[in-house]
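There are 4 protein chains.
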Amino acid sequence: MMSGPDAVLSTRGLAGVDRDVLVQCIQACAECAQACAACADACVSEDTVVELVTCFRTDLDCADVCEATGRVLTRLAGSDASATRAVLEACAAACKACGNECESHAGMHGHCRVCAQACRRCEQACRQLLDSLG
Amino acid sequence: MMSGPDAVLSTRGLAGVDRDVLVQCIQACAECAQACAACADACVSEDTVVELVTCFRTDLDCADVCEATGRVLTRLAGSDASATRAVLEACAAACKACGNECESHAGMHGHCRVCAQACRRCEQACRQLLDSLG
Amino acid sequence: MMSGPDAVLSTRGLAGVDRDVLVQCIQACAECAQACAACADACVSEDTVVELVTCFRTDLDCADVCEATGRVLTRLAGSDASATRAVLEACAAACKACGNECESHAGMHGHCRVCAQACRRCEQACRQLLDSLG
Amino acid sequence: MMSGPDAVLSTRGLAGVDRDVLVQCIQACAECAQACAACADACVSEDTVVELVTCFRTDLDCADVCEATGRVLTRLAGSDASATRAVLEACAAACKACGNECESHAGMHGHCRVCAQACRRCEQACRQLLDSLG
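Dropping the structure here:
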């Protein structure tokens with residue numbers, strides 16, 4: 349998709365970062381943030397909302413962390429590797445927590461199933477980028 | 349793309365809103381926010397950054413407003429139509445301002461050309477959704 | 349409070365904007381965003397969460413719009429007055445919607461009472477800044 | 349200040365978290381996010397913007413991470429301690445990076461001096477909350 353980060357990042361150089369892994373991670377963060385925000389809203393629309401309060405909270409946590417991570421990665425300049433790594437670790441942790449929570453409701457709610465998958469993909473993309481950063 | 353808002357929104361009903369127009373607008377907001385954030389960062393990487401300060405500011409304004417709009421639309425319940433309409437008007441205005449600014453540098457900077465296109469698409473998607481809301 | 353926008357904005361000039369009204373509005377946006385985020389979370393903690401779903405949604409809408417507005421105002425350069433005005437109108441509308449919704453639960457929930465007050469203050473601060481922009 | 353997180357959080361219980369340390373951290377995140385956003389904008393207004401590109405990037409990174417952290421903390425339910433801890437570690441790392449960068453320009457730019465102080469306070473508040481979580 350040439351309208352996403354792929355198109356804009358391609359117009360400038362990136363020092364020592366695997367560009368494909370980076371773009372994939374930015375895209376995964378955006379998709380996960382959207383899936384989590386939508387899942388949170390779907391959770392409070394369910395009759396069983398009382399049982400979904402933890403799910404809704406981990407959804408919103410994950411959405412916020414994924415959005416912030418996507419923005420940090422867009423500015424990736426390698427200037428402070430330890431901060432970038434810590435942000436990626438936080439994003440992977442938030443995705444893991446939300447993926448686990450949503451997976452436990454996946455049999456009952458389609459939005460949780462979709463969200464769990466987006467969380468797994470984003471967690472994996474963060475781990476791959478962490479590996480790529482060395 | 350079944351990992352985006354399309355997949356999650358499809359699992360619940362939406363009162364009186366054209367679902368396709370809504371999903372298209374949420375997607376356009378996400379893509380525009382990404383393009384603007386990337387363009388802002390590319391602007392400050394240019395040797396001519398001094399001439400791109402206004403561009404960089406309208407980029408960040410547009411990114412922030414698009415992100416907030418995408419989130420508001422994800423929760424669209426029709427409960428307060430006037431607030432939703434005002435948010436969509438603000439998003440269209442921010443996209444127009446950023447599209448104009450980036451277009452004026454489009455001949456010189458690829459990131460501005462890509463960003464201007466994303467802004468035009470998002471402005472149009474907001475206008476279509478405004479029409480669809482009646 | 350010299351650690352807020354007051355301290356940093358004071359170190360540079362602002363073209364044609366009433367600085368006090370601007371700082372007050374940025375501060376009101378930050379406080380309203382916090383109150384709304386906390387109220388949303390308190391809503392889903394209530395036994396009567398089913399009756400508070402609309403409140404929770406307007407809370408999150410208002411928090412997102414207030415945060416984006418605060419950021420836009422921090423960059424206020426007067427470069428595109430129409431976009432800034434549209435963002436302030438959207439913020440006032442979101443605050444009004446959330447203030448009304450929270451006020452209707454103010455007798456029952458302390459977090460709604462506090463949130464309604466923050467919304468009223470922020471709506472007023474947006475209107476004052478709009479007047480000040482001429 | 350009874351309009352901030354203090355007022356709303358006080359209306360409900362918090363399982364096993366030192367409430368004062370939590371409120372202080374949420375407040376520090378909000379103030380640091382504002383200082384960073386304002387510093388970033390002041391950086392691009394300087395004649396020497398070319399030398400401040402790294403500062404501007406760490407400012408925006410820190411602002412985004414602080415905002416996300418503040419939101420996550422507002423929902424603190426202790427449900428997933430490892431994700432919360434990772435987010436606090438990321439926030440402390442972003443504040444440290446931005447504090448170091450801004451401090452190196454503190455003699456020349458008032459906005460960097462103010463921002464460095466806000467970063468130090470927020471880093472410390474994150475560390476205190478991490479200690480308090482045990």
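Chains as they are written, first to last, in our numbering: chain A, 349 to 482; chain B, 349 to 482; chain C, 349 to 482; chain D, 349 to 482. Ideal placement from N, C-alpha and C gives every residue a C-beta, glycine not left out.
**Short CB-CB distance (under 8 Å) between Ser351 of chain D and chain C** = Position 3 of the fourth sequence holds residue 351 of chain D. With a pLDDT of 48 at Ser351 of chain D, under the threshold of 50, the modelled position of that residue is not reliable, and no figure is offered here.
**Asked** Along chain C, which residues have their Cβ under 8 Å away from the Cβ of Val484 of chain A?
**Response** The structure shown does not extend to residue 484 of chain A, since chain A is modelled only from 349 through 482, so no value can be given for it.
**Request:** Could you spell out the range, first to last residue, of the alpha helix (DSSP H) harbouring Thr396 of chain C?
**Result:** By one-based count along the third sequence, residue 396 of chain C stands at place 48. Looking at the DSSP string, Thr396 of chain C is not in any alpha helix (DSSP H), and its letter there is neither H nor E.
**Cutoff 7 Å; reference Met350 of chain A; Cβ partners in own chain excluding five residues on either side** = Looking up residue 350 of chain A in the first sequence gives position 2. Residue confidence for Met350 of chain A is low, a pLDDT of 41 falling below 50, so the modelled location carries little weight; the figure read from the coordinates is stated next. If we look at Met350 of chain A and ignore the five residues flanking it on each side, it has no Cβ neighbours.
**Message:** If the criterion is Cβ atoms closer than 8 Å, does the pair Ala454 of chain D and Ala442 of chain D meet it?
**Reply:** Residue numbering aside, residue 454 of chain D sits at position 106 when the fourth sequence is read from its first letter. Residue numbering aside, residue 442 of chain D sits at position 94 when the fourth sequence is read from its first letter. Cβ atoms of Ala454 of chain D and Ala442 of chain D: not closer than 8 Å.
**Message:** For Cys384 of chain D and Ser452 of chain A, what's the separation of their Cα atoms in angstroms?
**Reply:** Along the fourth sequence, one-based indexing puts residue 384 of chain D at 36. Along the first sequence, one-based indexing puts residue 452 of chain A at 104. Rounded to whole angstroms, Cys384 of chain D to Ser452 of chain A spans 39 Å at the Cα level.
**Request:** Confirm, please, whether the CB-CB distance from Ala416 of chain C to Ala416 of chain B is below 8 Å.
**Result:** Here residue 416 of chain B refers to the residue found at position 68 when the second sequence is read from its first residue. Here residue 416 of chain C refers to the residue found at position 68 when the third sequence is read from its first residue. Yes, these two residues count as a Cβ contact at 8 Å.
**Asked** Which stretch, first to last residue, makes up the alpha helix (DSSP H) that contains Ser452 of chain C?
**Response** Here the question's residue 452 of chain C lines up with position 104 in the third sequence. From DSSP, Ser452 of chain C is part of no alpha helix (DSSP H); its letter is neither H nor E.
**Asked** In chain order, what residues of the same chain lie with their CB nearer than 6 Å to the CB of Cys391 of chain A, ignoring the 5 residues before and after it?
**Response** Here residue 391 of chain A refers to the residue found at position 43 of the first sequence. In chain order, Leu400, Cys403 and Phe404 place their CB closer than 6 Å to the CB of Cys391 of chain A, counting only its own chain and leaving out the 5 sequence neighbours on each side.
**Message:** Can you find the residues in the same chain that come closer than 6 Å, C-beta to C-beta, to Ala445 of chain C, ignoring five residues on each side of it along the sequence?
**Reply:** Locating residue 445 of chain C in the third sequence gives position 97, counting from the first residue. Within the same chain, Ala445 of chain C has close Cβ partners Thr406.
**Message:** Less than 8 Å between C-beta atoms, sequence neighbours within five positions excluded: which residues of the same chain meet that for Gln476 of chain C?
**Reply:** Your numbering for residue 476 of chain C matches position 128 in the third sequence. Excluding positions up to five away in sequence, the list reads Val369, Gln372 and Cys373.
**Asked** Going by the CB atoms, is the gap between Ala440 of chain A and Gln382 of chain B shorter than 8 Å?
**Response** Position 34 of the second sequence holds residue 382 of chain B. Position 92 of the first sequence holds residue 440 of chain A. In this structure, Ala440 of chain A does not lie closer than 8 Å to Gln382 of chain B by Cβ.
**Message:** To the nearest angstrom, how far is the alpha carbon of Ser358 of chain C from that of Arg461 of chain C?
**Reply:** By 1-based counting over the third sequence, the position of residue 358 of chain C is 10. By 1-based counting over the third sequence, the position of residue 461 of chain C is 113. The predicted model places Ser358 of chain C with a pLDDT of 48, which falls under 50 and marks its position as unreliable, so this point remains unresolved.
**Prompt:** Nearest chain A C-beta to Asp407 of chain D closer than 8 Å, yes or no?
**Reply:** On the fourth sequence, residue 407 of chain D is found 59 positions in, with the first residue counted as 1. Chain A has no Cβ within less than 8 Å of the Cβ of Asp407 of chain D.
**Request:** Could you confirm whether any beta carbon from chain C is found closer than 8 Å to the beta carbon of Ala434 of chain D?
**Result:** In the fourth sequence, counting from the first residue as 1, residue 434 of chain D sits at position 86. Cβ-Cβ to chain C under 8 Å: no for Ala434 of chain D.
**Per-residue contacts from Val398 of chain C into chain A (C-beta, under 7 Å)** = One-based indexing of the third sequence puts residue 398 of chain C at position 50. Going along chain A in sequence order, the residues near Val398 of chain C (Cβ under 7 Å) are Val397.
**Message:** Measuring straight from C-alpha to C-alpha, what distance separates Met456 of chain B and Ala429 of chain C?
**Reply:** The count along the second sequence starts at 1 and reaches residue 456 of chain B at position 108. The count along the third sequence starts at 1 and reaches residue 429 of chain C at position 81. When rounded, the distance between both Cα atoms is 26 Å.
**Message:** Can you check which of these residues, A:Arg367, A:Ser393, A:Asp389 and A:Cys410, is closest to Glu449 of chain A by C-alpha distance?
**Reply:** For the purposes of this step, residue 449 of chain A is identified with residue 101 of the first sequence, where counting begins at 1. Taking Glu449 of chain A as reference, the option from A:Arg367, A:Ser393, A:Asp389 and A:Cys410 with the minimal CA-CA separation is A:Cys410.
**Request:** Pick helix, strand or coil for Leu424 of chain C, following the three-state DSSP scheme.
**Result:** Stepping through the third sequence from its first residue, residue 424 of chain C is reached at position 76. DSSP places Leu424 of chain C in the coil class of the three-state scheme, outside both helix and strand.
**Message:** Taking the beta carbon of Asp395 of chain C as the centre, do at least 16 other beta carbons fall within 10 Å, making it buried, or is it exposed?
**Reply:** One-based indexing of the third sequence puts residue 395 of chain C at position 47. Burial call: exposed.
**Request:** Quick one: residues in its chain with C-beta nearer than 7 Å to the C-beta of Arg419 of chain B, no 5 flanking neighbours on either side, listed in chain order?
**Result:** Numbered from 1 along the second sequence, position 71 holds the residue referred to as residue 419 of chain B. Once the five neighbours on either side are set aside, Arg419 of chain B has no close Cβ partner at all.
**Item:** C-alpha distance - Cys474 of chain B paired with Leu408 of chain B, whole-angstrom precision
**Value:** Here residue 474 of chain B is taken as the residue at index 126 of the second sequence, counted from 1. Here residue 408 of chain B is taken as the residue at index 60 of the second sequence, counted from 1. Distance between the alpha carbons of Cys474 of chain B and Leu408 of chain B: 18 Å.
**Request:** Taking C-beta pairs closer than 7 Å, name the residues in chain D that Asp389 of chain C reaches, listed in chain order.
**Result:** Reading the third sequence from its first residue, position 41 is the one you call residue 389 of chain C. What Asp389 of chain C touches in chain D: Thr422 and Arg423.
**Asked** If you count every other CB in all the chains shown that lies within 10 Å of the CB of Val365 of chain D, and 16 or more means buried, which is it?
**Response** To locate residue 365 of chain D, count along the fourth sequence from 1; it is residue 17. It counts as buried.
**Message:** Counting only beta-carbon separations shorter than 8 Å, does Val401 of chain A have a partner in chain C?
**Reply:** Stepping through the first sequence from its first residue, residue 401 of chain A is reached at position 53. Taking Cβ atoms only, chain C reaches closer than 8 Å to Val401 of chain A, which makes this a yes.
**Message:** Determine whether the beta carbon atoms of Glu433 of chain D and Leu481 of chain D lie at a separation below 8 Å.
**Reply:** For the purposes of this step, residue 433 of chain D is identified with residue 85 of the fourth sequence, where counting begins at 1. For the purposes of this step, residue 481 of chain D is identified with residue 133 of the fourth sequence, where counting begins at 1. First, the amino acid is wrong: residue 433 of chain D is Arg here, not Glu. Going by C-beta atoms, Arg433 of chain D is nearer than 8 Å to Leu481 of chain D.
**Request:** List the endpoints of the continuous alpha helix (DSSP H) containing Val371 of chain D.
**Result:** Position 23 of the fourth sequence holds residue 371 of chain D. It spans Arg367 to Cys391 - the alpha helix (DSSP H) in which Val371 of chain D sits, taken as one unbroken run.
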